[in-house]
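Trainee: Residue numbers for the sequence shown follow the numbering used here, so the first one is 1 and each next one is one higher.
Glycine residues also receive a C-beta, built at the ideal position from the N, C-alpha and C atoms.
Below is one structure. I have some questions about it.
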Amino acid sequence: MKLFNFPYVIRKEILYNMESSNIFLLSFVSEELREFIKTSQIRRYKNISHVEYNCCTTGEPFIYISYKGFMQLIMKIEEREETEQDYFPLNVSGKMIDFRMSNGFPAASYHPDERESVIKAIHNYFLDLFKNSVKYHWLASDYNHPIVQLQNLSLTCNLNLDRNFADMENLENFLSSAPVLKRVNMSVGTTTEPFSPDSKLYEAESIKVTQHSPTVPDILSRFQGRQAFLRWTNNGGDLELELWRFVNRWISGETFQNLEYLKVEIPKTIGPQFLNLISARRIDEEDQPPTHTLPKVSVKPTVTMTQIISISIEDIKKLSTDNIYVDFGFEPNTEPITSHAYVVRRTDGHVASVKVQGLLFCFGVWNKTEDEFLKMVRSPY
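Right under this line is the structure:
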């Protein structure tokens, strides 16, 4: 490689001014180059926290890395096409893969029977490069596209189940194939059959569901994760009864041991008597209750305006705005709950703040006993 004809300092400067996508491609050329890049780019790689396989558009992954809060496209993986553009073979984790440049980015190609092996080879390369210093996420929006079983991988999916959905078996198989289910964003109309009581869906760390029926899926009975955001669209049935049952299950301590936060939007006003129905305890009205809020389960770094303003010119030079996106729509923290009402779990005495306001029900669990919780209450005197 002609790169090694230059002094070490010059080589580092060359890499410094290269985009990440080209550096990754260059590292596949030879073992010598890979080791040089690995040792010379330590500072850059320390600022990478996530590798994301984004399959939301098609079943073919677009691979992003996070760099200081920005998601930067570095490569895509696609089924091989017969084009006039030349492919060039590179050795990735011991597997020869044909690459081409596509719209300015490296594209790793595969024949139909090679999809899994190509993705695994590239993933193994990342594992060797980053070890356990980064997180690996698979993003999907179509349950018909299989998830490749990769080490240290978690799944986030955005799914839309139409009215009279009748493909529950394939959906359940898709969810079950995820090693770790991180986040699920789902819209559910009506289904011809219920979700399985043992569905992997209920194991998601965070779930956001717009649902026609509060029991399809039955989040308020079976959820095992940390955070749930629900929106019920059908005002039929006794919706307050579903919420009452949930609170009683939590108080009993038999379920929802991992729950941190629940928000439910319902299509009709929750009556003021609801807090009495759940036997909520009260903080004196003249006292200021503590506010419950916590970071949302997230697979993406969130960039604040402060970070953008303070980013250095050197960092901007490393980033290309054509292949970077920033998620401004994502609120990093749960909606604050400041409420005089709370309930206590029987098994450990821990407290949950309960807020009922119009069409909204919020439930925030504290990692504190009632005595510890009440010590945070501020008296005006």
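Can you check whether the CB of I147 is closer than 7 Å to the CB of V184?
Mentor: No, the Cβ-Cβ distance between V184 and I147 is not below 7 Å.
Trainee: Going by Cα to Cα distance, which pick from L25, F256, V354, I77 is closest to G225?
Mentor: F256
Trainee: From E203, K200, S187, pick the residue whose C-alpha is nearest to that of W232; which is it?
Mentor: S187
Trainee: Go ahead and label M385 buried or exposed: buried means 16 or more other beta carbons lie within 10 angstroms of its beta carbon, across all protein chains shown.
Mentor: Since the first and last residues shown for the chain are 1 and 381, residue 385 lies out of range.
Trainee: Quick check on the DSSP output: the alpha helix (DSSP H) that includes A121 runs from which residue to which?
Mentor: 115-130
Trainee: Does M447 come out as helix, strand or coil in the three-state DSSP assignment?
Mentor: An answer regarding residue 447 cannot be provided, because it is not within the stretch 1 to 381 covered by the chain.
Trainee: Just how far apart, CA to CA, sit M376 and L275?
Mentor: 22 Å
Trainee: Could I get the ranges of all uninterrupted alpha helix (DSSP H) runs contained in the stretch 185-260, with 4 residues as the minimum, in chain order?
Mentor: 219-222, 239-252
Trainee: Compute the Euclidean distance between the alpha carbons of K95 and S66, then round it to the nearest angstrom.
Mentor: 26 Å
Trainee: State buried or exposed for I10, treating a residue as buried only when at least 16 other CB atoms are found within 10 Å of its CB.
Mentor: exposed
Trainee: First and last residue of the beta strand (DSSP E) that includes D98?
Mentor: Taken as a continuous stretch (DSSP letters only), the beta strand (DSSP E) holding D98 covers 95-102.
Trainee: For H123, which of F24, T192, N47 has the nearest alpha-carbon?
Mentor: F24
Trainee: Whose C-alpha, out of V92, S109, V297, is nearest the C-alpha of R100?
Mentor: S109
Trainee: Look up Y8 in the DSSP assignment and say whether it is helix, strand or coil.
Mentor: helix
Trainee: Please determine whether the Cβ atom of R346 lies at a distance below 6 Å from any heavy atom of the ligand ZN.
Mentor: No copy of the ligand ZN occurs in the structure displayed, which carries no ligand at all.
Trainee: When burial is assigned at 16 or more other CB atoms within 10 Å of the CB, is N105 buried or exposed?
Mentor: Here residue 105 turns out to be Phe, not Asn, going by the sequence shown. With 16 or more Cβ atoms within 10 Å of its Cβ, F105 is classed as buried.
Trainee: Kindly indicate which three-state DSSP category Y393 falls into: helix, strand or coil?
Mentor: No answer is possible for residue 393: it lies beyond the span of the chain, which begins at 1 and ends at 381.
Trainee: If distances are taken between C-alpha atoms only, which option among T57, I63, A107 comes closest to H50?
Mentor: I63
Trainee: What residue from E19, K120, Y16 has the CA that sits closest to Y53's CA?
Mentor: Of the candidates E19, K120, Y16, the residue whose Cα lies closest to the Cα of Y53 is K120.
Trainee: If I measure Cβ to Cβ from I14 and keep anything under 8 Å in the same chain, skipping five residues before and after, which residues do I get?
Mentor: Closer than 8 Å at the Cβ level, and outside the excluded window around I14, lie L3, F6.
Trainee: Considering Cα atoms alone, identify which of G358, S177, P194 is closest to Y143.
Mentor: When G358, S177, P194 are compared, the shortest CA-CA separation from Y143 is found for S177.
Trainee: At which residues does the beta strand (DSSP E) containing T369 begin and terminate?
Mentor: T369 -> beta strand (DSSP E) spans 360-369.
Trainee: Nearest CA to the CA of I37: which residue from D113, W250, S27?
Mentor: Nearest of D113, W250, S27 to I37, Cα basis: S27.
Trainee: Which residue's Cα is closest to the Cα of S141: F174, S379, R346?
Mentor: F174
Trainee: What residue range is occupied by the uninterrupted beta strand (DSSP E) comprising I63?
Mentor: 62-67
Trainee: Between which residues of its own chain and L90 is the CB-CB distance below 7 Å, once the five residues before and five after are set aside?
Mentor: F28, V29, I97, F99
Trainee: Starting from the C-beta of F78, find all residues in its chain whose C-beta is less than 8 Å away, skip the five residues before and the five after it, and write them out in chain order.
Mentor: The question names Phe, but residue 78 is Glu in the sequence shown. Once the five neighbours on either side are set aside, the close Cβ partners of E78 are E60, S102, A107, A108, S109, Y110.
Trainee: Helix, strand or coil, according to DSSP, for E265 in the structure here?
Mentor: strand
Trainee: What distance in whole Å lies between the Cβ atoms of V365 and L259, which are believed to be in contact at a cut-off of 8 Å?
Mentor: Yes, L259 and V365 are in contact; Cβ-Cβ is about 6 Å, under 8 Å.
Trainee: Would you give the residue range spanned by the alpha helix (DSSP H) that Y45 belongs to?
Mentor: 42-46
Trainee: Comparing C-alpha positions only, which one of Q211, H137, E81 sits nearest to P382?
Mentor: The shown model of the chain, from 1 to 381, leaves out residue 382, and the question about it has no answer.
Trainee: For G59, would you say it is in contact with chain C, using Cβ-to-Cβ distances shorter than 7 Å as the test?
Mentor: In the structure shown, chain C cannot be found, because there is only a single protein chain.
Trainee: How about N246 and P217: are their beta carbons less than 7 Å apart?
Mentor: The question names Asn, but residue 246 is Phe in the sequence shown. No, the pair does not count as a contact, with Cβ atoms beyond the cut-off.
Trainee: Is the stretch 289-297 in contact with the stretch 333-341, if contact means three or more CB pairs nearer than 8 Å?
Mentor: yes
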